[in-house]
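Only one structure is covered here, and it is reproduced in the block below.
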Amino acid sequence: MFTKTWCVSVLWGIFILNTGCSLGFFASSVDSSYQPGLEAPGDFTKTWTVGSGTSGEFTMVGDALSYTANSAELIPIGSDYNNTAIGFGSGTKSDTDWNGTNALELNAAGKTAKTGTFISRVFAANSSLNWTKLEWISGVPAGKPYPNNKAIETAYDADNIDMSGNILLLHMDETSWSGAAGEVIDSSGNGNHGLATGVSTTTNGHFAHAGNFSAGSGQYIEIADTGNFNITTTLTVEAWVYPQFIAGDETKYFGIVTKRNDYTDFNFAISYMTFGLPYPTLNIDFRQEDESDTSRFNTGIALNNNEWAHIVMTFDQGVTGERLKVYVNGVLVTGTPGSGAGGTLHIKPGAFPLRVGMLDNTFTETFRGKIDEVAMYNRVLSESEVQARYRRGSNRLKFQVQTCATPAACNGTFLGPDGTAATYYTEAAQYDIAALTSINLTGVSGNNFRYKVTMENDEGTLTPLLKSVAVTPVTYSVAKPNIAAQNGVTYKKLTSFAAITSGAGVVKFQLVKEGSAYYWNGTSWASATTSSHTNTASEINAHIAAFPSFAGTGSLRFKAFFESDDGTAKSSLTSVTVGGAR
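Residues in the sequence shown are numbered from 1 upward in steps of one, following UniProt numbering.
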């Protein structure tokens with residue numbers, strides 16, 4: 001026996017819920033991305049908030065977007081700082097690779113070949129731009145002059161140098177000299193400026209410019225003796241030299257850096273002299289402690305003609321062993337000092353002028369070639385400090401740029417600062433201690449931009465480290481990357497659409513119902529098939545009421561497309577809100 005109660009009665013075709021009964025709702029959707037639940041009928045307001053905390057509720061298409069704490073936004077693409085598709089991961093590498101952590105470098109083949117290149121992807125804009133600045137950050141100094149004013153570097157990953165104790169620093173980067181006193185600038189901060197005799201122009205140096213001693217006679221730079229030159233205990237002298245000897249030079253003396261009047265009256269002398277060799281060999285002269293003779297250390301090294309070499313001499317009066325050390329290209333020279341050398345050497349006191357390119361006051365033994373980056377210290381540089389200075393000159397980063405009307409047309413010649421393929425943008429004009437090199441570009445304009453960097457080393461095992469590159473103006477993707485909401489809202493009626501955006505760029509939208517995208521084409525709703533089929537939030541708001549009659553009721557989502565009109569405008573999206581009824 002049982003009793004059956006029907007909770008629903010029908011009166012004149014109307015369903016009536018009987019007393020004591022309850023009614024349950026079951027929701028379902030053909031939109032597989034929408035998670036159904038109990039949604040009460042009536043008016044609703046649905047807000048999608050965008051940010052890193054809600055990023056799981058959206059899918060992102062395109063590498064040029066990123067989430068912040070409370071938005072999604074275009075990120076600059078006119079810079080390379082990682083190995084992604086909008087970094088060093090794009091472009092063309094030749095004997096260069098990402099080092100796996102933080103920089104582009106020469107790979108094994110590039111180190112052996114002593115060179116490699118990287119050509120960037122095209123930085124595209126929708127209009128012709130004046131590209132005004134090229135900046136990069138190096139992991140190690142690469143062809144960068146020594147810091148001025150006794151500065152101490154800390155910004156690099158390695159090979160920072162300490163210029164403390166620096167009493168003379170001649171970059172010789174002046175364009176020309178007229179023979180006036182003090183026009184060869186001392187950048188140590190001590191004011192030990194020099195006078196150029198017989199040398200009227202500088203030339204391309206190992207860093208920027210160099211003293212040009214091409215005549216082989218009567219050319220030198222002289223700096224009067226000062227109090228901070230009167231060193232008798234610890235001393236370091238260094239220079240970069242580029243010999244250009246010719247036939248007939250085999251029987252001459254060539255002064256490089258000296259404080260010497262004659263054979264017996266001097267502090268020290270770094271020079272070349274010959275012993276029947278094809279080219280002169282490097283020599284260091286000091287007096288003996290008892291002043292009985294001059295001790296000459298013949299290194300036996302004949303430097304290659306038309307090649308740069310780094311020469312460093314250190315002297316420590318306080319040691320009883322080898323007071324003198326000589327380094328060539330970062331390597332400590334081994335050899336037998338001349339008679340009386342070793343612990344008997346000393347720096348003879350005396351007010352002797354310092355000369356670059358001349359042996360002594362006979363004014364006949366002139367160096368033939370180029371001399372760059374002459375520095376003197378009142379302390380002894382350690383071997384690691386010497387090697388860091390050599391690597392600074394051995395590693396180089398050389399940039400050229402290119403502009404073009406279309407990305408496909410970016411296949412021509414890369415150009416340097418003079419508008420030809422023969423010159424490069426380098427660190428050679430940067431005298432500060434920052435790892436950032438900033439170069440102002442002139443006459444570089446076009447819709448599209450890319451750069452080429454040539455990485456070089458002179459030693460065969462070293463490599464520059466390129467951590468990042470950026471160009472100005474800052475550019476953003478013009479490919480309209482987008483995000484799509486994954487959670488929908490059920491609707492029967494739609495009344496409003498609003499978005500909170502920021503930036504000079506524009507965010508545009510498509511409405512998505514059950515996997516299909518739509519936009520307002522100006523007269524009606526239509527299927528959206530390309531990224532150009534989009535509307536502003538205000539356009540959608542003006543016509544959203546007509547959407548259900550076109551697409552039907554169901555579950556509503558959206559796509560947001562981030563646009564940068566000319567490639568320099570940034571756009572971001574904080575939230576989207578839809579109003580309607582179920």
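Backbone N, C-alpha and C fix where the C-beta goes; we use that ideal spot for every residue, glycine too.
Using a Cβ distance threshold of 7 Å, LYS133 and ASN440 count as a contacting pair. For VAL386, the uninterrupted alpha helix (DSSP H) run begins and ends at 383 to 394, by DSSP. Residue nearest to LEU324 within the set ALA302, ASN298 and ALA309 is ASN298 (criterion: CA-CA distance). ALA408 carries a helical assignment under DSSP once its states are collapsed to helix, strand and coil. When Cβ pairs closer than 8 Å are counted between the two stretches, the segment 176 to 183 is seen not to touch the segment 417 to 424, the count staying below three.
Excluding five sequence positions before and after ASN487, the CB atoms of its chain that fall closer than 6 Å to its own CB belong to GLU57, given in chain order. PRO481 and THR59 have their alpha carbons spaced roughly 11 Å apart. Runs of the beta strand (DSSP E) spanning 3 or more residues and lying entirely within the segment 74 to 123 occur at 92 to 94, 96 to 98, 104 to 106 and 115 to 119, in chain order.
Per the DSSP secondary-structure output, THR201 pairs in a beta bridge with SER176.
For PRO548, DSSP records no beta bridge to any residue.
Around the beta carbon of LEU332, a 10 Å sphere encloses fewer than 16 other beta carbons of the protein chains shown; the residue is thus reported as exposed. Beta-bridge partners assigned by DSSP to SER438: GLU135. Here THR568 is buried: its Cβ has 16 or more other Cβ atoms, across all protein chains shown, within 10 Å. Straight-line measurement puts the Cα of ASN70 at about 32 Å from the Cα of LEU466.
Residue ASN212 holds the alpha-carbon nearest to the alpha-carbon of GLY369 among ASN212, GLY198, ILE86 and PHE449. Around ASN148, the same chain offers SER187 and TYR431 as residues with beta carbons nearer than 6 Å, after the five sequence neighbours per side are excluded.
Collapsing the DSSP output to three states places GLU563 in a strand.
Membership of ASN541 in any beta strand (DSSP E) is not indicated; the residue belongs instead to the alpha helix (DSSP H) covering 537 to 543.
About 5 Å separates the Cβ atoms of TYR451 and SER120, confirming a contact at the 8 Å cut-off.
The C-beta of THR112 has fewer than 16 other C-beta atoms within 10 Å across all chains shown, which makes the residue exposed. Shown here for GLY554: same chain residues with a beta carbon closer than 6 Å to its own, the five before and five after excluded, namely LYS513 and GLU514 in chain order. Looking at the DSSP output, GLN510 shares a beta bridge with LYS559. Proximity to MET358 across ALA375, ALA269 and SER477 peaks at ALA269, based on C-alpha coordinates. When C-beta atoms of the segment 201 to 208 are compared with those of the segment 216 to 235, fewer than three pairs fall below 8 Å, so the two segments do not count as touching.
Counting along the chain, no beta strand (DSSP E) covers VAL50, and no H or E run does either. Between LYS492 and ALA581, the CB-CB gap stays under 7 Å.
Put simply, of SER575, ASP157 and PHE88 the residue whose alpha carbon is nearest the alpha carbon of ILE433 is ASP157.
Taking 7 Å as the cut-off, the Cβ atoms of TRP136 and VAL474 do not count as close. Residue pairing from DSSP leaves TRP308 without any beta-bridge partner. Sequence-distant Cβ neighbours of PHE44 in its own chain, meaning closer than 8 Å and more than five residues away, are VAL489, TYR491, GLY579, GLY580, ALA581 and ARG582. In this structure, DSSP gives THR344 a helical state, which the three-state scheme calls helix. A direct Cα-Cα distance of roughly 22 Å separates SER164 from LEU436.
For GLU459, the three-state secondary structure derived from DSSP is coil. In the DSSP assignment, TYR518 falls within the unbroken beta strand (DSSP E) covering 516 to 520. Within the model, the alpha-carbon separation for VAL50 versus ALA485 is close to 9 Å. Taking each of HIS543, ASP565, ASN535 and PHE497 in turn and checking the Cα distance to THR47, the smallest one comes out for PHE497.
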